[in-house]
Structures are given as C-alpha cells and as structure tokens.
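Trainee:
Number of protein chains: 4
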Amino acid sequence: MAEPSFAASSLVTVDDYESAARERLTPTAYDYYRSGADEEHTLRRNREAFSRYEIWYRTLVDVATPRLATTVLGDDVAFPILVAPTAYHRLACAEGERATARGAAAVGTIYCASTLATTTLEDVAVAAPSAPRWFQLYVHKDRAFTARLVARAKAAGYRAIVVTADAPVLGRRLADVRNEFCLPDGMLMANLVEALPPDLRDGAGSELARFFAARHDPSFVWSDLEEIVRQAAPLPVVVKGIVRPDDARKALDHGARAVWVSNHGGRQLDLAPATIDVLGDVARAVGDRCEVYVDGGIRSGTHALVALGLGARAVFVGRPVLWGLAAAGAEGVAGVLELMRDELIRAMQLAGCPDPEATRDDLIRRR
Amino acid sequence: MAEPSFAASSLVTVDDYESAARERLTPTAYDYYRSGADEEHTLRRNREAFSRYEIWYRTLVDVATPRLATTVLGDDVAFPILVAPTAYHRLACAEGERATARGAAAVGTIYCASTLATTTLEDVAVAAPSAPRWFQLYVHKDRAFTARLVARAKAAGYRAIVVTADAPVLGRRLADVRNEFCLPDGMLMANLVEALPPDLRDGAGSELARFFAARHDPSFVWSDLEEIVRQAAPLPVVVKGIVRPDDARKALDHGARAVWVSNHGGRQLDLAPATIDVLGDVARAVGDRCEVYVDGGIRSGTHALVALGLGARAVFVGRPVLWGLAAAGAEGVAGVLELMRDELIRAMQLAGCPDPEATRDDLIRRR
Amino acid sequence: MAEPSFAASSLVTVDDYESAARERLTPTAYDYYRSGADEEHTLRRNREAFSRYEIWYRTLVDVATPRLATTVLGDDVAFPILVAPTAYHRLACAEGERATARGAAAVGTIYCASTLATTTLEDVAVAAPSAPRWFQLYVHKDRAFTARLVARAKAAGYRAIVVTADAPVLGRRLADVRNEFCLPDGMLMANLVEALPPDLRDGAGSELARFFAARHDPSFVWSDLEEIVRQAAPLPVVVKGIVRPDDARKALDHGARAVWVSNHGGRQLDLAPATIDVLGDVARAVGDRCEVYVDGGIRSGTHALVALGLGARAVFVGRPVLWGLAAAGAEGVAGVLELMRDELIRAMQLAGCPDPEATRDDLIRRR
Amino acid sequence: MAEPSFAASSLVTVDDYESAARERLTPTAYDYYRSGADEEHTLRRNREAFSRYEIWYRTLVDVATPRLATTVLGDDVAFPILVAPTAYHRLACAEGERATARGAAAVGTIYCASTLATTTLEDVAVAAPSAPRWFQLYVHKDRAFTARLVARAKAAGYRAIVVTADAPVLGRRLADVRNEFCLPDGMLMANLVEALPPDLRDGAGSELARFFAARHDPSFVWSDLEEIVRQAAPLPVVVKGIVRPDDARKALDHGARAVWVSNHGGRQLDLAPATIDVLGDVARAVGDRCEVYVDGGIRSGTHALVALGLGARAVFVGRPVLWGLAAAGAEGVAGVLELMRDELIRAMQLAGCPDPEATRDDLIRRR
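Residue numbers (this note's numbering), protein chains in the order written: chain L, 32 to 398; chain C, 32 to 398; chain X, 32 to 398; chain P, 32 to 398.
(1) Hey, how far is the Cα of X:L91 from the Cα of L:R76?
(2) Quick one: list the residues of chain X neighbouring P:A359, beta-carbon separation under 7 Å, in chain order.
(3) Identify, in the order they occur along the chain, each residue of the same chain with its Cβ nearer than 6 Å to the Cβ of C:D392, setting aside the five sequence neighbours on each side.
(4) Pull up the distance between the alpha-carbon of L:V103 and that of L:P111, whole angstroms please.
(5) Check each candidate in P:R55, P:S66 and P:T177 and name the one with the smallest Cα separation from P:V260.
(6) Using only the alpha-carbon positions, how far apart do C:Y169 and X:P163 sit?
(7) Flag this pair as yes or no: are the beta carbons of C:R65 and C:G328 separated by less than 8 Å?
(8) Is it right to say L:A244 is buried, meaning 16 or more other beta carbons lie within 10 angstroms of its own, or is it exposed?
(9) Between X:Y88 and chain C, is the shortest Cβ-Cβ distance under 8 Å, so that the two count as touching?
(10) Leaving out the 5 sequence neighbours to the left and right, which residues in its chain are closer than 7 Å to C:F37 when beta-carbon positions are compared?
(11) Does DSSP classify L:D106 as helix, strand or coil?
(12) CB X:V270 to CB X:V292, shorter than 8 Å?
(13) Between P:V138, P:R129, P:T151 and P:W165, which lies nearest to P:A159 when the distance is taken from Cα to Cα?
(14) Output needed for X:G383: all residues of its chain with C-beta closer than 7 Å, excluding positions within five of it in sequence on either side, in chain order.
(15) Within the chosen definition, does the stretch 291-307 of chain X reach the stretch 147-154 of chain X through at least 3 CB pairs nearer than 8 Å?
(16) Suppose the cutoff is 7 Å on Cβ atoms and the five residues either side in sequence are ignored; what does the same chain contact list for P:T140 look like?
(17) Work out the CA separation of X:A287 and X:A279 for me, nearest whole Å.
(18) What would DSSP say about C:V323, mapped onto helix, strand or coil?
(19) Quick check on DSSP: helix, strand or coil for L:E34?
(20) Taking the alpha carbon of C:P387 as the point to measure from, which residue in C:R398, C:G332, C:D230 and C:E225 has its own alpha carbon closest?
(21) Consider the Cβ of X:E34: report whether some Cβ of chain P lies at a distance smaller than 8 Å.
(22) Under 7 Å between beta-carbons, which chain L residues line up against P:A12? List them in chain order, please.
(23) Exposed or buried, what is L:L227 when buried is set at 16 or more other beta-carbons lying within 10 Å of its beta-carbon?
(24) Measure the beta-carbon distance from C:I86 to C:V337 and round it to whole angstroms, keeping in mind my assumption that it falls under 8 Å.
(25) Please classify C:G383: does DSSP put it in a helix, a strand, or coil?
(26) Taking the alpha carbon of X:A357 as the reference point, which residue from X:D69, X:L122, X:Y189 and X:V138 has its own alpha carbon closest?
(27) For X:R55, return the contacting residues in chain C, with the cut-off set at a CB-CB distance below 8 Å.
(28) Using only the alpha-carbon positions, how far apart do C:A335 and P:Q299 sit?
(29) Counting C-beta neighbours from all protein chains within 10 Å, is the total for X:V268 16 or more, i.e. buried, or is it exposed?
(30) Please list the partners that C:L339 has in chain L, where partner means a Cβ-to-Cβ separation under 9 Å.
(31) So that I know if they touch, is there some Cβ in chain X lying closer than 8 Å to that of C:H247?
(32) Could you tell me whether the Cβ atoms of X:P351 and X:Y48 are closer together than 8 Å?
(33) X:D93 versus chain C: which residues are under 7 Å apart at the beta carbon?
(34) Measure the Cβ-Cβ separation of X:I192 and X:V181 and say whether it is below 8 Å.
(35) Got a sec? Which residues, its chain only, sit under 7 Å from L:C213 by beta carbon, not counting five neighbours each side?
(36) Comparing alpha-carbon positions, which option in L:P249, L:E257, L:L310 and L:H295 lies nearest L:R275?
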C-alpha cells in the first residue's frame, strides 16, 4: 500500500494524536468530538473495560509474517481497523471528509462516511474514487428523503448502507448543551441541505439536538428496516448500535447483512454497557450467520486484538481518526491508522497469532 | 401540564441545581440537607451503586411518544418521579413546604409532606389544593398525638399515610453534631407545636437528635402498624424505609398497601445497603401484591429508569427537590422535576422503552 | 456505671481522638502506635474491609431498651467492646497502663493488659482493683520466666491468660526501623525487668525487634500450649492471633477456652487477611464450642455490630483506646469507649437488634 | 555464605533501593529499566496483583530455624530467590554483569545472565567462577550463531539454557521510543559483537527494537525448540515467558526441563495477565513433571512467599537487582538479595512455614 509522507515521529500513541489535535481545535469542536452523554459513564466504560481483559498469549508460534488483510462484506481491507462514521469533519480540517477518505484509502482501509458530513457524499466519493467506502444513514421522518440518501449513496459507488439504530433521539452531551454548540458560518450538513429547517440556528442548547428532534424519526422499527434493505439492494445493510444478542438476531431476521456493536461512542444512552463487554455475547448469538463489527473505546492495536479475539470481524475507530485529521489532515488520518495497524501487528505477533482467526480460541479472558 | 416560567437554561443537571442551592443556603442548612450518617458509607453507596448498573437498551422500537403517565395508589401522576418527604423547607425558601407543594403540582406529580415540615400540613394542602399529596408520619411515643396527626392529614385531603420505619432513633449526622444544628429563630416544626419540649434548644449537638430521643417511639412494632392502618383508613398506608424482602412481606401482612425501599438517604444506619441494590429483591418478594417505590441516590432520569427496570412503580427524590427549592422556590422545584422528567423521557427513548412497563424485561443488569 | 467527668464534646468520632492524640504524641510514638508491617496491606485491609459489608437492617422491632450487657468467659461486661492489649502506654500518658485500666473500669468493660506494659501487671491490678482484667502473654524462650509471668497474673487477680499466637518473631514495622524506635529514658518493659538484655539499646533499627529476637520463642507449638493451660488453671486460656478455622479448632483441642481472631492490627504478617473477612469462617468452625473475639480495624460501634453479626462474642479495640489515652488519660479511655458504646447502641437500634443475639441471623452480608 | 561489607542500613525496602538507583542512573537508563510496554497495564498488573492475595497464616508452628535452602534443577541455592536475566548492566555500574554475578554468588543464589549483557558470558563466568549460573538465550534468525551462543555457554560452565519465548518481536516500550534509547558510546551487546548490524545506530526510536527486528527470529516454533534442547544437552533447557497451562505442557513435550512463568516484566505484550495470577494454573498443569519458576512484580520476600505457595520452586527478580546494582554495585546486588531473603525468612516464620513445602497447602488465597 502507499505510504503517506507525513512524518509523525513524535506521535507514537493515539493519545499523542489527541494532544496534537486539541491544540489545533477550538475548545467547542474538541468538546463536541470528545464528549459523551450525561455523566459520561458509558464513555468511560468503553475505555476502562479494556483494562479488565487479559490476553493469554501463546508462545513459539511462527509469527514472522502475520496476515492482517481480510475482507469485510466481501471487500478487501489491508487490516481489520476501519473508519467509523463521525460528523462534521470540516471542524477538524478544511478539506473535511474528503481528507478522511483519502487518508483511509492511502492505508487500504474502508471509510464509513456519516450522514452528518460537512462534505457531500458525492464529494467524498470523488476524493478517493478507487477505495471501497460505506455510508452511514440516519432515518428521517421524511422517508422519501431518506430513500434519496440511499439512492445517492448507491449512485456514488458506496458499498454498504449502515443504519444507525441507537439514535431514535439525540443523546444529551452536556458540553454541547453548555457550549450551545452549532456549526460555524460557512459549514453545514452538506448531505442534508434540502432538509435543514430554516430556523435551525434559533434556540438554546445544541443545534444538533434541535435538528434531530425536528427531522429524525423515533418511530422507525424493525419492520421498517426491511424497506431500507429493499432500497439499498443490492448493497448490504449493516445495523449499527446493537448491544443486545436478541437485537442482533432481529437485525438479521429483518434483512441486515451484518451487525455492528456500538453504543455510539458513549454519546447516546448513558449507563449503556461497554461495547467490548457485550461483543462476545452478540458474536455467539449470531454465530456464523453474519460478520460482527465493534467500535467504542478502541485506542490501540492491542485493543483491536481483544475485539478480534472476542469475535469481531473488524473494528471501527472514530475519535482516533478525528485526532489524526485535526493533527495533520489526510496524512494524520493515515498516520493514526498506520500506528494502530502496526500496534495490531505487534500485538498479534506477541500473542502468537499469525492471523485474525488465531485470536479466537481461548485467547482473551475477562478478569 | 402548566409550564413554570422559571428560566433555568444554565441548570442542566441536578448537580447544577445543587451548586446554585449551595450558594443560597447557609453552610449549616446545606450540611443538614447534604449529609449522611456517620462515615457516610451508605450516602455514597446510594449514589455510587448506579455506576454498577448497565442498561442493555433495545433498538428500533417506536419511541416517538413515550408514555410516562402512571398511577400511584390509584392517583394519576404525569411521570413516575415523586417528591420524597424532607424536613425543614423554610431553611431553603421563605415559603417553605408550600412552595414545594406548588412546584410539584405544577408539573403533575405528588409531594409527600414530612411530619417535620416547617409549615403545617394544612397550609401545605391549601397551597396546591387540587394536587394529590401524601403525608409522611413519624410515630410518637404519645400515640394519641400520633393519631391526631393522622386525623389531620385525612381531614386536609392527603391521599396516603407514609409510615417511616427506618428511624426508631435518629441517625447521627456528624455535620449536624459539629454544627450544633438547630432551627433558626422564627422557624419551627409546625405540625408538632403541641409536642415540642420547652427545653428543646438546650443541650449539645443536634437539636433534632434531642427531639427524636424525647418524643419518637423506638418501641413501635409491626403489630402497632395495624393501629395506624385502622386510623388511616380508608387512606392507604405505605411503609417507608424497607431494605429487606422479609420486611416488605411483613409490611403487607400487617396492612400496608405499598412498600417504599429507602435507607433514609443514607442518614440513618451507616453501612446499610444501597437502595438500588436491594430493590430487585424486594420487588420480587412482593410480586404483584403491591406497588414498590424507591428513593436514594437518584440524581437523573437515567437513574429513575434503572429503578423502574428493577421493579419500582415510581421513584422519589429528596435532595434534588431541595436544591431546586433553594435555587428558585416553587419554580426551582418544578424546574428540577421537569429536568429529571425530560431525562427520563430521553432515557426511555434511547433504551427502546415506550412506557415504564417496557423497562422490566431484562433491560437492567448489574455488573 | 460511673460517668467520667471528661468533657469530650468536640471528640465525636474515633478519628477525632486520633487527631487529638497525634498532637500530643511524639512523632516516633505516634508512628509506633499507628503503623503496620511492611507495605501495610493488612493494616489497610482491616479497615477497608468494613466498607464491603452491608447491614440489612430490620424495621419495626422494639429497640427502646437495647441490651448490651453480656458476659465474656463468665465475667460481666457492660457492653461487648473490650480493650485489646497494646504496648508501652506510658508513651501516651504519664500514668500509663494504670490510666487505661481505670478508664476501662469506669465504663464497665475489661482491659487486657500487655506483657509489654510500661507498668507492672501488679500495679495495673491495683489501679482498678474491682474490675475484671485479662493478661496477654508472650511466650519467652525462658519457659520458667514465662511460667512466672502466668503465676504473677494469677496472683494479681487477672481473670484470663491470652496467649499471642501470631508473633513467633516480630513483624517489621518500617516506621520503627527508620525511626530506630526505642523506649525513652526512664521507661521500660516493667513486667520484664529481670529478662531485659543488658545491651538492649545497642544496635540499629527497632529495639523491640531486637528484644523479640533475643527472648521470644519461635519454637512454641500447639502441644506446648497445653503447658500454659496447666499453669494458668483454673484461669481460662485464650489464643489470640488466629485467622484460620483449622487453627481455631486446634486451639480448642489443646485446651484453649476461647479464640481471638486477630492479625495483630496488621503489625505482623503483611498480606494476612482482614480479620472481619475471616471471622465468619472461624465462628462457624468452632460453633458452640467456645466464645470468639475479634480485633482489627474496628473504629466505630457500627463496625462492632458487623463483628457481632458475624459471630463475635465481643470485639477488642486497641488503637482507639491509645488515642483516648493520649488525648486525655483515663478519661480519654473512658470517653472513647463510651463513644463506641453509644455508637453500638444506636447501630443496634437502627438495625432492629434489641440485643447482640439478634445480630446473628442474616443481618450482615458481604458485597 | 559470605556477608558483603556493604552497609545498607537506610535501605530497608526494595523501593529504597530503587530511589537510590534512580539518583545514580541517567533518566534514559532508569526509564529503560523501569518501563513496560505500551500503556503499561501488565507492568502494573504484575505488581498490583499481589494486593489481591491473602496469606492465611498458621500459628504455633515451630519456625525457629526456617529452612530456605533448596535446589534448582539439582543445583543448590541458599534461598529460592534467583536473579532474572536483564540487559545492559553496564548502564547501572561500570563493572556491569560481572558485579551482578559476584553479588549473587556472595549470597549463594544463581544469576541468569542475559544474551543482551554488556559483558561477555565468558567474563561473567570468570567473575564468580564457583557459583552456578544460567544463560538466557534469544533465538536469532542465524541459527548457527544461536548454536554458537549455546556452545559458548556450555564451554563457560553455565548450568542451564533459558530460552525466552515471549519475545518473537520486541515489545514497544514508549519511554525508549521517545528517548530514542541506545547504548552509550563504549558500551555494546558484548555477546553479539559478530551479529551487530553496522548501521545499528541509524534510525528513529529504540535501538534495541531495530536490533530485534533485524536479527531475532519470530518464526521459532515448538519443534525448533527440540534443536536447542539437543544443542544444549546435557544442560537442561528452561522455557521462559509462559503464561498458559497448555504452553507449559507443550514446553515439556518438546524437551524443556522446566517452565518459567513470565511476561517479561510487562515489557512485551500489554494486557498480558499478571504472572502471579497464572502461576497456580501453570503449576497444576505440569504437576510433578517439572519445576516451575516465576518472575514479575516480586518486590519483597512476602511476595516470594505467595509465589512459593502457589507452586513456584523459586522466584526470579529482575528490577530489584538492577536497583541494587545501580545503588552499590556487587554489594548492592548482594544487599537487595539479602533484604529479600530476610523478608522471606520473616514471612515464612510469621506464616507458620518452616520450609518452602509448608507454603503449598491452602496457605494462599486470592480475594
């Protein structure tokens, strides 16, 4: 794969990227990216949960050339760390989501663009035309508008539709409420121009919360998912935001092709469980029926190894990519992904796992 | 329901209300409200326990119009967060318990007035005449006096008698002992004028502790409860302060109509268990025989959701209401209750629960 | 019982007594009393363990007149909190162990004097002649000398011989090693004058450690206990320092009349378990065969209640009494014991226990 | 055994030695010795794990003359605390590994020299010719070179070959990466002179990491171990770095004579379990088939007792010896080992264990 020229010699952990990003972001933008819902129990749980897992590594296994390449819904990725959808990338970098797309493409992984991008999904597609990409979908009350979003993603060559299931309403991020967070002048939700209420800027608290309340559909249910599945066909639909084994099975029963364990990075329901703590149950519930992905608190390749060992086909990272994007644009995105990839390689070698499958057998234990 | 005009835009959590209240209260009054017994293990346990619970939310459920309205002992409430009895509201606000009653009524919930109010129960009744209200009863050695309190509550239109069972003697709140806490001049236990010892102000330590020792009855037992039940009839009697499943069944066996899980906000026996940790056991012990309520450490609508999920018909909040009262009188009471109501609505939506019953089925897990 | 005149209105917790004591003690003496062995894991465990216990209190029990009086090996005590043996009381108060004896007697409890007292056991006996008292015995290599100590205790009217079993050698208390702790001029181990090595003051580190190494007997075994039992007869022998159920049974099999669960206040083997964590197992192991006592980390009457509930006939307190002694001599000893007694009364009332026996039935649970 | 003349009266804990060492070391060298991999979870786990173990000591056992002497693979050691292999001793002391060898020999224990010594293994042998010593082996891609290392160790009278199994690649120690850690001029990996790449100093990050990547063999597997076993014969081969019971059995099945539970002091795979937490499982898995050793987080003789009780024949200590070496050369090595030996003696006495075998029976419990 192409190696970006970004020299990030002093950025040797995701925390380093976050520090560099924080220096470049406005406090309000940093808060928007960093924060979680309410008391931030779940935000903390996602990260702290990893400290309760143990990797019972194997020794004297040939790990000279670990194989990281895998497929995700049939598409090749160079390593099983993908880019989760996050909103508003132009807060981090002038080029916004186009830079993210290029950074992900440069290292051979998939970028899942958000409905709430500050660049149109078509512009994102143009930015890295040869790379596979996914589109994350929020279901609007205006179902025809929702269908148009799906159609646009298909037309622009996206490879999967990711339906967010954990956001019937917006979680309350206190920092955004207190900051009265809104997009700066000249920046907008580019995919949703026709859907933006004229009075969006008016009102107290978070602009995004008002938008959600006005447009998003809290009455969207499992049977409605089948309509999205039909619209998306032949693209596969992934349901994102699952924490329950029974919901994972329901997703498949209603046409989803894969399940994405997520609690929205701790930004929706506070006191939701850590994703890594539910991943194993969800993976066992679906067995061989589908691929399972996970996000939440994954800050290193070692964390990614834990997730693979518990049954994830791939992991998604959100905030780390934002820190890379804010630190150095597309090169920062590529840099942070390479960092995590290299950490994953090393962790697989030290764990005695020449490939992701080798992580599955009794490697990971919870204390 | 009526929306109070109080603009609380910067008060977005119960903690914000507490901070605002603390600025307005004397240190001694703040200490009286805040503190718990002895080392405050139970005070902390009540709050910290919530961090061990997980909400395994459901996705793709229609939560467009969550139903919060319920009934409590047959009376309608707009949402299942009610006002727990606490003493001495005139320390927080000149109008005292009348303001609390008006604030609760404004948002459609029930206020349980305390025996230790600084306003007579009759004045409380007049303050919000159309709202249902409950009366909390301490059993005095003078049983005839106790009976008169019950009779007064009935005459004033109260809808239930809540017998406090966790206070045979007063717990030792060290802050009050050190502060030699007593009511300021011009303020008194308005329901108990005829019962106040003439020498109440004399002595070291907490005035309330001396009053308890002089007047309250530590020999009140289950069989005596039946006398209260007869006096209260046709009003229902609720027993408050239960932490044991066997005590919950005893309460019903001796005529109580409902059980209130409480440890008095951590103010009585230190090392008592957190209420949320015993709620499930108590609820299972009584099954369908009665409604179960709970208080203790509930600081947000998300906490309330956990309690509903573990079997509570409704939750009661004490200190949060005091912070609202101190911050802004009746409007502050309404404001903090609306805040918690809105948090509960959002938590129910994010948890996939269109009504309280939906919280009961395998939603809440303890780590 | 007689009420001492010491007015301790500002001393409302054992911590208050410790603070007052610390002001009056030399840093070296305070360190000697306070410290534990090595990393002080066990010292901390003893105290922190209580925070894992819950008192599942009962309600509507008649607790108007809780009965605290009990018997210990047949002797009456006013309440089940007794004074553990600790060394060197003249470091805390000019009168030393005589003051401790008077303080304990004043409130109706038993003082167990230490072999390592700075006042002879005969002088201690004279100080409070009518009170029952016990004598703690370290077994010396010189068994004839050991026998003389037992004979002296019998002659002086002591009521039990307590053999310390957890000190075959002295634990290493780092503070004493660093302080090169030794008794000040004019103070000595008064019971052991004939046994003191002439060169006791010479050498590095703790004087007491050198004394132990020179005189104490690390080869004393269970069969040797029977000799002590014969020497002590008709006085009962108690074995102190037990943490194992099998050792408790061995003690009885070799003639002991009671078992004292202790880890020497965390001063001997670091990483020994907290005493409250082993008490229940030991109590179940001996069943009705004997009384069981416990010390370690008990800082309040509520802690004492937990210990009673887990099977202790009585609890012993060491450091709290030293803090009382240093703060105000005999009156301080009485004051701190009354404080803990009053806390125990209140805790029993709030727990619904009219007597110690009522604490035994499913009241205490470990989280 | 010979007593070194080093007077270490103020160095009464391993922490004291670390503080003294830190004053004498360059920050970079101190970081190299102290640090662990990545987030240092495993580094902390190794140490913190001990705080979850309890020693349920026995009383009234004859512990007058505890027997510490034992054999390790048939060689006598004065006490079961041995010196783990660590790299680069000339960073700590001009004499380097020769001083370590002399210090270990002075107190009668075994030093396991590292492949990465800054003194040749032949010079180490000369430094303490009469003491038994072991040689730790990293397997190079150049198997002939590896065989020569084994042959040299045999020729120099080493008594066992310890094959490190937990380092197929080097763990990432962030401190070394940030410090761009490399050996100072005039110091080199003395055993590996013929294998050093000419461009070793060039490049970013840790020099050692580059060396590992260039020379070490991540394809070394169990069947290859048999070749080392043949080369080493008649010397026994020990496999170091095992955390899994199944790997322990594999080691024996492929010719190893003993198993060494280690996670490389938390320096290789972060999130590996604490060694003390896996020791019991490994010891049970091999039963009587071989001796089991352990290192990781052992900072006191009390920790060593826990390890013996869980099934270790002996423990190895790495960093404590480095602190001794940096503090005072060979005398510091002897001093810190004597300190830990004396702590072990005391802990055995206080635990009622006259010999290591007595620690095995139900003495150690995990909370």
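A virtual CB, placed ideally from N, CA and C, is assigned to each residue, including glycine. In this text the structure is predicted, and so the values were computed from the model without any measurement.
Mentor: This is what the structure gives:
(1) Within the third sequence, numbered from 1, the residue matching residue 91 of chain X stands at position 60. Within the first sequence, numbered from 1, the residue matching residue 76 of chain L stands at position 45. Taking the straight line from one Cα to the other gives about 41 Å.
(2) Taking the first residue of the fourth sequence as 1, we reach residue 359 of chain P at position 328. Residues of chain X passing the Cβ test: none, with the nearest at roughly 17 Å.
(3) Counting from one through the second sequence, the residue named residue 392 of chain C turns up at place 361. For C:D392, where only same-chain residues beyond five positions count, there are no Cβ hits under 6 Å.
(4) Within the first sequence, residue 103 of chain L is the residue found at index 72, counting from 1. Within the first sequence, residue 111 of chain L is the residue found at index 80, counting from 1. Taking the straight line from one Cα to the other gives about 8 Å.
(5) Along the fourth sequence, read from residue 1 onward, the residue named residue 260 of chain P stands at position 229. When each option's Cα is compared against that of P:V260, the closest is P:T177.
(6) Start at 1 with the first residue of the second sequence, and residue 169 of chain C comes out as number 138. Start at 1 with the first residue of the third sequence, and residue 163 of chain X comes out as number 132. Whole-angstrom Cα-Cα distance: 43 Å.
(7) Stepping through the second sequence from its first residue, residue 65 of chain C is reached at position 34. Stepping through the second sequence from its first residue, residue 328 of chain C is reached at position 297. Not a contact, by the Cβ cut-off of 8 Å.
(8) Residue 244 of chain L sits at position 213 when you count from the first residue of the first sequence. Exposed, because fewer than 16 other Cβ atoms sit within 10 Å of the Cβ of L:A244.
(9) Taking the third sequence and counting its residues from 1, one reaches residue 88 of chain X at position 57. Yes, X:Y88 counts as interfacial toward chain C.
(10) The sequence position of residue 37 of chain C within the second sequence is 6, counting from 1. Because C:F37 sits at a pLDDT of 49, beneath the cut-off of 50, its placement in the model cannot be relied upon, and the following sentence gives the value as read from the coordinates. Around C:F37: A359, E362, G363, A365 and G366.
(11) Against the first sequence, residue 106 of chain L aligns to sequence position 75. Strand at L:D106.
(12) Taking the first residue of the third sequence as position 1, residue 270 of chain X is located at position 239. Taking the first residue of the third sequence as position 1, residue 292 of chain X is located at position 261. Going by C-beta atoms, X:V270 is not nearer than 8 Å to X:V292.
(13) Numbered from 1 along the fourth sequence, position 128 holds the residue referred to as residue 159 of chain P. Per the Cα distances, P:R129.
(14) Against the third sequence, residue 383 of chain X aligns to sequence position 352. Excluding residues within five positions, the ones whose Cβ falls inside 7 Å are Y88, R89, T90, V92 and V94.
(15) no
(16) By 1-based counting over the fourth sequence, the position of residue 140 of chain P is 109. Excluding residues within five positions, the ones whose Cβ falls inside 7 Å are V108, A109, F110, I112, L113, V114 and L368.
(17) By one-based count along the third sequence, residue 279 of chain X stands at place 248. By one-based count along the third sequence, residue 287 of chain X stands at place 256. Rounded to the nearest angstrom, the two C-alpha atoms are 9 Å apart.
(18) Residue mapping note: residue 323 of chain C aligns to position 292 of the second sequence, counting from 1. The answer is strand: DSSP assigns C:V323 an E or B state.
(19) Taking the first sequence and counting its residues from 1, one reaches residue 34 of chain L at position 3. With a pLDDT of 42 at L:E34, under the threshold of 50, the modelled position of that residue is not reliable, and no figure is offered here.
(20) Sequence index remark: in the second sequence, residue 387 of chain C carries index 356 (1-based). Nearest of C:R398, C:G332, C:D230 and C:E225 to C:P387, Cα basis: C:G332.
(21) Your numbering for residue 34 of chain X matches position 3 in the third sequence. Low per-residue confidence applies at X:E34: pLDDT is 43, beneath 50, and the placement is therefore not dependable, though the value from the model is reported in the following sentence. It does not: the Cβ of X:E34 has no partner Cβ on chain P nearer than 8 Å.
(22) Any answer about residue 12 of chain P is impossible in this case: the structure gives chain P only from 32 up to 398.
(23) Here residue 227 of chain L refers to the residue found at position 196 when the first sequence is read from its first residue. Exposed is the call here.
(24) Taking the first residue of the second sequence as position 1, residue 86 of chain C is located at position 55. Taking the first residue of the second sequence as position 1, residue 337 of chain C is located at position 306. Between C:V337 and C:I86 the Cβ distance is about 7 Å, and since that is below 8 Å, they are a contact.
(25) Here residue 383 of chain C is taken as the residue at index 352 of the second sequence, counted from 1. Coil, per DSSP.
(26) Numbered from 1 along the third sequence, position 326 holds the residue referred to as residue 357 of chain X. When each option's Cα is compared against that of X:A357, the closest is X:L122.
(27) As a working mapping, residue 55 of chain X is identified with position 24 in the third sequence. What X:R55 touches in chain C: nothing, since even the nearest Cβ is about 21 Å away.
(28) One-based indexing of the second sequence puts residue 335 of chain C at position 304. One-based indexing of the fourth sequence puts residue 299 of chain P at position 268. C:A335 and P:Q299: Cα-Cα distance of roughly 45 Å.
(29) Position 237 of the third sequence, counting from 1, holds the residue named residue 268 of chain X. Answer is buried; the Cβ neighbour count reaches 16.
(30) Start at 1 with the first residue of the second sequence, and residue 339 of chain C comes out as number 308. Per Cβ cutoff of 9 Å: no residues; C:L339 is ~13 Å from chain L at best.
(31) Sequence index remark: in the second sequence, residue 247 of chain C carries index 216 (1-based). So no, C:H247 is outside the interface.
(32) Counted from its first residue, the third sequence places residue 351 of chain X at position 320. Counted from its first residue, the third sequence places residue 48 of chain X at position 17. Cβ atoms of X:P351 and X:Y48: closer than 8 Å.
(33) Numbered from 1 along the third sequence, position 62 holds the residue referred to as residue 93 of chain X. The answer, in chain order, is S250 and V252.
(34) Here residue 192 of chain X is taken as the residue at index 161 of the third sequence, counted from 1. Here residue 181 of chain X is taken as the residue at index 150 of the third sequence, counted from 1. Yes.
(35) As a first step, residue 213 of chain L is located in the first sequence; it is residue number 182 there, counting from the start. For L:C213, where only same-chain residues beyond five positions count, the Cβ hits under 7 Å are R232 and E238.
(36) Residue numbering aside, residue 275 of chain L sits at position 244 when the first sequence is read from its first letter. Looking at the Cα atoms, L:L310 is the closest of the given residues.
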